[in-house]
Each structure stands twice: as structure tokens, then as C-alpha cells.
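Asker:
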Amino acid sequence: MRKKSGLDPYNALVVAAAQLVLSYGAYWGQRDFREPLDWLAVALLLVGPVGVLLRRRYPVGTSVVALAATYAYTWSGYPYGPVYLSPIILLFSLVTLGQRVKAWVMAGVTIVVFITYGYIRSGEPTGLFHDLAVTAFVLLLMVVAELTRIVRERRAQQQRAAEEENRRQASEERLTMAQELHDVLAHNISLIHVQASTALHLIDDNPQQARTALATIKTASKEVLGEMRSVLNVLRDGAPRSPTAGLDRLDELLERSGLDVKLERAGSRALPPQVERAAYRIVQESLTNAARHAPGAAVTVLLAYGARELVIEVTDGGSTTPPVLAGEGSGNGIPGMRERAVALGGTLAAGPSGRGFQVSARLPLPEENA
Numbered sequence: 423m424r425k426k427s428g429l430d431p432y433n434a435l436v437v438a439a440a441q442l443v444l445s446y447g448a449y450w451g452q453r454d455f456r457e458p459l460d461w462l463a464v465a466l467l468l469v470g471p472v473g474v475l476l477r478r479r480y481p482v483g484t485s486v487v488a489l490a491a492t493y494a495y496t497w498s499g500y501p502y503g504p505v506y507l508s509p510i511i512l513l514f515s516l517v518t519l520g521q522r523v524k525a526w527v528m529a530g531v532t533i534v535v536f537i538t539y540g541y542i543r544s545g546e547p548t549g550l551f552h553d554l555a556v557t558a559f560v561l562l563l564m565v566v567a568e569l570t571r572i573v574r575e576r577r578a579q580q581q582r583a584a585e586e587e588n589r590r591q592a593s594e595e596r597l598t599m600a601q602e603l604h605d606v607l608a609h610n611i612s613l614i615h616v617q618a619s620t621a622l623h624l625i626d627d628n629p630q631q632a633r634t635a636l637a638t639i640k641t642a643s644k645e646v647l648g649e650m651r652s653v654l655n656v657l658r659d660g661a662p663r664s665p666t667a668g669l670d671r672l673d674e675l676l677e678r679s680g681l682d683v684k685l686e687r688a689g690s691r692a693l694p695p696q697v698e699r700a701a702y703r704i705v706q707e708s709l710t711n712a713a714r715h716a717p718g719a720a721v722t723v724l725l726a727y728g729a730r731e732l733v734i735e736v737t738d739g740g741s742t743t744p745p746v747l748a749g750e751g752s753g754n755g756i757p758g759m760r761e762r763a764v765a766l767g768g769t770l771a772a773g774p775s776g777r778g779f780q781v782s783a784r785l786p787l788p789e790e791n792a
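In this note's numbering, the protein residues as written are 423 to 792.
1) Rounded C-beta distance between valine 721 and aspartate 682? I'm assuming under 8 angstroms.
2) Does the pairing of the region 489-505 with the region 459-466 give three or more beta-carbon distances under 8 angstroms?
3) How should glutamine 601 be labelled, buried or exposed, when 16 other C-beta atoms within 10 angstroms of its C-beta is the threshold for buried?
4) Do the CB positions of glutamine 706 and leucine 675 come within less than 8 angstroms of each other?
5) Would you mind reading off the limits of the beta strand (DSSP E) that contains isoleucine 734?
6) Apply the 10 Å Cβ neighbour rule to alanine 719 and answer buried if 16 or more other Cβ atoms are within range, or exposed otherwise.
7) Assuming aspartate 673 is part of the alpha helix (DSSP H), what are its boundary residues?
8) Relative to the alpha-carbon of arginine 453, which residue among Gly499, Ala488, Val436 and Thr484 has its alpha-carbon at the smallest distance?
9) If distances are taken between C-alpha atoms only, which option among Gly470, Asp553, Phe779 and Leu724 comes closest to leucine 513?
10) Are the CB atoms of alanine 490 and glycine 389 within a distance shorter than 8 angstroms?
11) Just curious, the alpha helix (DSSP H) that valine 398 is in, first and last residue?
12) Mind checking which residues open and close the alpha helix (DSSP H) that includes proline 786?
13) Between alanine 621 and the rest of its own chain, which residues show a CB-CB distance below 6 angstroms, the 5 nearest in sequence each way excluded?
14) Please list, in chain order, all residues of the same chain as proline 762 whose beta carbon is under 7 angstroms from its beta carbon, the five residues on each side excluded.
15) If you follow the beta strand (DSSP E) that alanine 688 is in, where does it begin and where does it stop?
16) Determine the direct distance from the alpha carbon of leucine 785 to that of alanine 618, and round the result to whole angstroms.
17) Can you grab the Cα-Cα spacing for the pair glutamate 585 / leucine 597, in whole Å?
18) Residue range of the beta strand (DSSP E) that tyrosine 702 falls in?
19) For lysine 684, I'd like the list of residues in its chain whose CB is within less than 6 angstroms of its CB, leaving aside the five on either flank, ordered along the chain.
20) Taking all protein chains shown into account, do 16 or more other C-beta atoms lie within 10 angstroms of the C-beta of serine 708, making it buried, or fewer, making it exposed?
21) I'd like to know if glycine 689 contacts chain B, where contact means its C-beta is closer than 8 angstroms to some C-beta of that chain.
22) With which residues is alanine 720 paired in a DSSP beta bridge?
23) Looking only at its own chain, which residues have a Cβ that is under 7 angstroms from the Cβ of isoleucine 537, when we skip the five neighbours before and after it?
24) Go to glycine 773, then tell me how far its beta strand (DSSP E) extends in each direction, as first and last residue.
25) Could you tell me the alpha carbon to alpha carbon distance between leucine 507 and leucine 468, rounded to whole angstroms?
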């Protein structure tokens, strides 16, 4: 369905007024060789504005009728000039509305009609200049219409591409938020579960250690609420779209993990935000797995900053107590970490290492500026 324009009635009124008023003015300059305006001339002058009014609903029909009225007006000997305003608008609109072939056919017919009129009405050839002037004017009009059509189509294509890109980015942001929520919930809920189970086992025999586990639960529950709020804030208009976690919070993560964790760093350099976030989540998920399957194990976290990649290794020494959550969980931890690494062009491997388990990730880094 074609788009209707609320300006068409006003445009038609303006064109009608211009053609009627200016045609009377044009007659005073041409009264020696053109016929005076009568009721037929006025009727022919109003056909074009009616075509302008209905051009979007009946583009081809209105153009044909308006051009025929213009031919009749000219061949009847009425004054030249303003009558051609409607055909110009209608031929231009016909091209921009997509009826290009029909518009060019009508333009060709118009050239032939006016060149033929020059020869027949004057009784002698009007000359090459007249023929070239008529042809050049009509062709110029059609070329301008074609250029306008091309510009509009390119602008519409760019707008569609921009809208598609916005939709793609919104989809990626939703996926990122979903992954962030999964990691936040998986880590903290697993930690709360492990510590709650530990507290239940120790509350009678070792109340002080049970108290420590309950304190860890309190901290973890507060942390999960804060991180969920941070992730969900991106849904608000104007909220900052920034990573919810980075390696600057790694010490805090290790402290509240409830594990005996040793952090080792080799080198140091600035990291892109997406790498920071992926590295943090990989360490977080690795600690979640260690807490779930190897409670009480000593864990080593290694961050090696290279010139072209960041190496992350999280190794546990094996369980020293029966795993509280063995056989539970969604099973999405390692695949989720691998997806994060692959999305950045990196790799991730996970498997047994001695008596324990190791997660090793390599995330590519851009070259540092000299």
C-alpha cells in the first residue's frame, strides 16, 4: 500500500491557484498571438491540480489525463507557461513512485507532441533550437526525477541497514545479559549452596566454622543481588552499557569464594573491556566448579599477560572432602566458558590435572601501541 501524504490537498490548491492566476497574467504578454482564456481553458487548467491531488492513489491514470489536458490546452492556442506546472509534478512523481517505464514513455510522447505542434500550428518549421529546447527540458526533468529516486532509495536502504544493525546489537546485548545473569546466578547460588551445606554439617561440632560459612552466604547473597541489579540496569533508558565485572574485582571474588585460593600474575597490561569481562567470568565459573566438585581443595589462579594473548589457568588440587553438590548443576559451566573464549577468537580447555582439575583459557589481545 502506498503511503498517503497529508500535503497533497494543499499542493493541489497551490498548483490550481498558480496555474489559474499566472495564466491570466501570461495572457497579457501573449495576447497578440494566443487565445484568451474561456471556460474550456479554465477547465483544462484545473485537470492538472486534480491529478496532483490523486497522484498517489492513481499515479498512471492521473498523469495520462493531466498530460492529455495539457496537450489540448496548448493545441487550442491558450497562453503558454503555468499550465505545464502540473505535468512536471506528475511526471516527477511517477518516477519517484516506481512507475519509471511508463513515465519515460509519457515523456517521449510529450516531446513528440510538442515538436509536432510547433510544425503544424506555426505553418512552418519552428527550427532546430525549438526542438532541442523541448527535448532538453523534458529530459532534464526526467534525469532530475531519476536522481531523486536513487537518492531516496539509497537513503531508505541505509535506514533499513541502520535499523537492522540496531536490532542485531540489541539481540547481542540481550544474549550478553542472559549470559551474565547465568554466570552470576550459577556462581553465587552454587557458593551459597555449598556454604549452607557446610554450615549444616558443622553447626553442632564446629560452630565457629559454621559461622564463617554463614557469613560467606550473607556476602554471596548480597553480591548476587548487586550484580543482578547491575546487569538488569542496562534495560533502563540511558543506563550505562558497561561490563558488570572485571579483573579489578578479582581479589574480592577470590576472597568470598570460600576456597583456599592463590593468585599468581605474570606481567601486566591494559585489557579491552570484553576480555576483562570474559576473564573474570571464566575464573568465576572455574571457582564455582571447584567449590561444587572439589570442596576444600587448594586452588591456583594464574593470569599470564602476553604480548598477543592472556592466559588464564585455574587449577585445583583435588577434593579433600566429599563433594557436596556432585552430580548436580546444569552442566553449562564449561560450555559457557568455552563460548566466551571462542567469541573472542580464543580457546578453552578443561580436564583432569593430576589429582585435581584444570581450566586453561587463551584470549587474544590487540598489540600494544609502541
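Virtual Cβ for every residue (Gly too), placed ideally from N, Cα, C. Because the structure is a prediction, the values reported are computed rather than measured.
Answerer: Taking the definition as stated:
1) Taking the sequence shown and counting its residues from 1, the one referred to as residue 721 is at position 299. Taking the sequence shown and counting its residues from 1, the one referred to as residue 682 is at position 260. That belief holds up - the Cβ atoms of valine 721 and aspartate 682 are roughly 7 angstroms apart, short of 8 angstroms.
2) yes
3) The residue given as residue 601 occupies position 179 in the sequence shown. It counts as buried.
4) In the sequence shown, counting from the first residue as 1, residue 706 sits at position 284. In the sequence shown, counting from the first residue as 1, residue 675 sits at position 253. Cβ atoms of glutamine 706 and leucine 675: closer than 8 angstroms.
5) For the purposes of this step, residue 734 is identified with residue 312 of the sequence shown, where counting begins at 1. 731-738 is the span of the beta strand (DSSP E), which, as asked, contains isoleucine 734.
6) The count along the sequence shown starts at 1 and reaches residue 719 at position 297. It counts as buried.
7) Here residue 673 refers to the residue found at position 251 when the sequence shown is read from its first residue. 672-677 is the extent of the alpha helix (DSSP H) around aspartate 673.
8) Your numbering for residue 453 matches position 31 in the sequence shown. Residue Gly499 is the option with its Cα nearest to arginine 453.
9) Looking up residue 513 in the sequence shown gives position 91. Of the listed residues, the one whose Cα sits closest to leucine 513 is Gly470.
10) The structure shown does not extend to residue 389, since the chain is modelled only from 423 to 792, so the question has no answer here.
11) The question about residue 398 has no answer, for the chain in this structure spans 423 to 792.
12) Stepping through the sequence shown from its first residue, residue 786 is reached at position 364. Here proline 786 belongs to no alpha helix (DSSP H); instead the beta strand (DSSP E) covers 778-786.
13) Position 199 of the sequence shown holds residue 621. So the list reads Ala632, Ala635 and Leu636, once near-sequence residues are dropped.
14) If you number the sequence shown from 1, residue 762 lands on position 340. Note that residue 762 corresponds to arginine in the displayed sequence, not to proline. Only Ala700, Arg703 and Ile704 meet the Cβ criterion.
15) Translated into the one-based positions of the sequence shown, residue 688 becomes position 266. Its beta strand (DSSP E) spans residues 682-688.
16) As a first step, residue 618 must be located in the sequence shown, where it is residue number 196. As a first step, residue 785 must be located in the sequence shown, where it is residue number 363. Approximately 35 angstroms, taken between the alpha carbons.
17) Numbered from its first residue, the sequence shown carries residue 585 at position 163. Numbered from its first residue, the sequence shown carries residue 597 at position 175. Approximately 18 angstroms between the Cα atoms of the pair.
18) In the sequence shown, counting from the first residue as 1, residue 702 sits at position 280. Unbroken run through tyrosine 702 is the alpha helix (DSSP H), 695-715; no beta strand (DSSP E).
19) Stepping through the sequence shown from its first residue, residue 684 is reached at position 262. Result list for lysine 684: Thr722, in chain order.
20) To locate residue 708, count along the sequence shown from 1; it is residue 286. Buried, since its Cβ has 16 or more Cβ neighbours within 10 Å.
21) The structure shown contains no chain B, having only a single protein chain.
22) Along the sequence shown, read from residue 1 onward, the residue named residue 720 stands at position 298. According to DSSP, alanine 720 bridges with Asp682.
23) Against the sequence shown, residue 537 aligns to sequence position 115. Once the five neighbours on either side are set aside, the close Cβ partners of isoleucine 537 are Asp553 and Val556.
24) For this step, residue 773 is matched to residue 351 along the sequence shown. Run containing glycine 773: 769-775, per the beta strand (DSSP E) assignment.
25) Position 85 of the sequence shown, counted from the start, is the residue given in the question as residue 507. Position 46 of the sequence shown, counted from the start, is the residue given in the question as residue 468. Taking the straight line from one Cα to the other gives about 11 angstroms.
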